[in-house]
Each structure stands twice: as C-alpha cells, then as structure tokens.
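Engineer:
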C-alpha cells in the first residue's frame with residue numbers, strides 16, 4: 007500500500023511538472039512573438055518642418071520686453087473692439103439681442119523670442135456668440151511688442167487646423183488636426199523669422 011501511494015504521488019508530480027514546463031514554453035513563445043512587431047509605414051505620421059517669414063514687422067521699432075498674459079488679453083480685446091467685435095465675456099445674459107454678432111474670447115498665449123523681435127502667439131476664439139463644437143478651432147495671431155505698445159503682425163499666419171503644443175524661442179511645435187474623423191494628420195515644427 008505504501009508503494010501505491012508513493013507511485014501516485016510521483017505520477018502526480020510528474021504530470022504537474024510537465025504541465026508547468028509546457029505553459030512556460032508557451033509564455034516564452036508569446037513574448038518572442040510580441041518582439042517581432044512590424045510597424046507599417048501608414049502608422050507613422052508625416053512631419054512638416056517649415057519657416058514662416060514675417061515681412062510686416064519693422065524691426066527698427068521693436069523692443070525685447072516680455073508680454074504678459076494680462077497685457078496680451080487686454081490688447082486682443084482692444085484690437086477686436088476697434089473692428090466692431092464684441093468680447094464674449096461681456097455678453098453674459100444678453101444673448102437674445104446679440105446672437106448673430108461676432109465675438110472674441112481669449113484662449114492662450116505662447117511667448118516667442120527671436121533675435122529681431124519679442125512677442126507672443128495668441129490663440130483666441132472668433133465667431134458668433136453661440137458657436138461651439140469640437141470642430142470649431144481657435145484662431146491664432148502674432149502679437150509683437152514695439153516701443154510704445156503692441157501690434158498684430160499676422161492675424162491668420164497658420165491655418166486653424168494647426169494646433170500648437172508648445173513654443174520654444176522662435177519655434178512652434180504642434181500638429182495638424184482634421185475634425186472629420188481622421189484625427190491628427192501630421193506633426194509640425196514652424197520657425198518664425
């Protein structure tokens with residue numbers, strides 16, 4: 007009887023060790039297969055590297071002072087007020103009378119500095135008061151610091167579909183986004199001169 011119990015224990019150990027060994031082999035095969043992933047060329051987004059030359063800037067009048075977010079916002083609202091565009095924040099509770107009027111709302115500034123000028127790219131929403139949706143993208147303009155005040159050097163210098171991630175000195179980094187379902191089309195780096 008001792009031998010029957012001993013043979014049963016040995017057989018059980020042998021069978022379970024075979025199962026463990028075969029499952030280890032399967033796991034190593036799986037990890038080897040996962041290391042052999044091939045990327046298709048369609049998985050890699052194209053990259054746009056370009057330069058925008060801002061010809062409308064008169065360099066002799068420029069200063070290197072740094073624009074603050076508050077100054078950029080105030081200048082944006084003052085600039086568009088002179089064009090008859092309403093500040094969206096001033097419309098609270100009055101939308102019934104002003105639904106068709108164009109309004110502006112500040113979004114973000116990205117500070118830029120080159121050897122020739124200092125300023126910021128300002129991102130802002132421009133459209134009817136009730137316009138919204140994920141396909142509605144902010145406009146972008148360049149604000150340049152001059153000796154006495156600020157000026158807009160380029161109101162539509164890049165398409166609205168270009169979303170800015172960051173700015174480093176005079177380089178803009180971001181991506182081109184299509185709302186119609188394709189998503190991000192390409193990444194870009196734009197150098198301002």
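Numbering (our numbering), first residue to last: 7 to 199.
Glycine is no exception: its CB is placed at the ideal position from the N, C-alpha and C atoms.
For a test of the three-state rule: what should DSSP assign to residue 194, helix, strand or coil?
Structural biologist: Here residue 194 sits in strand by DSSP.
Engineer: Name the DSSP bridge partner or partners of residue 53?
Structural biologist: 193
Engineer: Measure the CB-CB distance between residue 75 and residue 115 and report whether it falls below 8 Å.
Structural biologist: yes
Engineer: Provide the residue(s) that pair with residue 173 in DSSP beta bridges, ordered along the chain.
Structural biologist: 178
Engineer: On the premise that residue 162 lies in contact with residue 272, defined as a C-beta separation below 8 Å, what is that separation, rounded to the nearest angstrom?
Structural biologist: With the chain covering 7 to 199 only, the question about residue 272 has no answer from this structure.
Engineer: Please report the distance separating the alpha-carbon of residue 111 from that of residue 53.
Structural biologist: 31 Å
Engineer: In terms of alpha-carbon separation, which member of 9, 125, 141 and 18 lies closest to residue 182?
Structural biologist: Ranking the options by Cα distance to residue 182, first place goes to 141.
Engineer: Exposed or buried, what is residue 167 when buried is set at 16 or more other beta-carbons lying within 10 Å of its beta-carbon?
Structural biologist: exposed
Engineer: Residue 117 lies in the beta strand (DSSP E); which residues open and close that run?
Structural biologist: Residues 108 to 119.
Engineer: Return yes when the Cβ of residue 125 is within less than 8 Å of the Cβ of residue 148, no when it is not.
Structural biologist: Yes. Within cutoff.
Engineer: Hey, quick one: how far does the alpha helix (DSSP H) through residue 87 stretch, first residue to last?
Structural biologist: 75 to 87
Engineer: Residues in the same chain with beta-carbon distance under 6 Å from residue 190, minus the five sequence neighbours each way, listed in chain order, please.
Structural biologist: Taken in chain order, the residues that qualify are 181 and 183.
Engineer: With a threshold of 16 other CB atoms inside 10 Å of the CB of residue 31, please say whether the residue is buried or exposed.
Structural biologist: Low confidence applies to residue 31: its pLDDT is 44, below 50, so where it sits in the model is not reliable, and the reading given next is rough at best. Classification for residue 31: exposed.
Engineer: How would you call residue 206, buried or exposed, if buried means at least 16 neighbouring beta carbons within 10 angstroms?
Structural biologist: Coverage of the chain is limited to positions 7 through 199, which leaves residue 206 absent and any answer about it impossible.
Engineer: Taking 8 Å as the threshold (C-beta atoms), are residue 173 and residue 92 in contact?
Structural biologist: no
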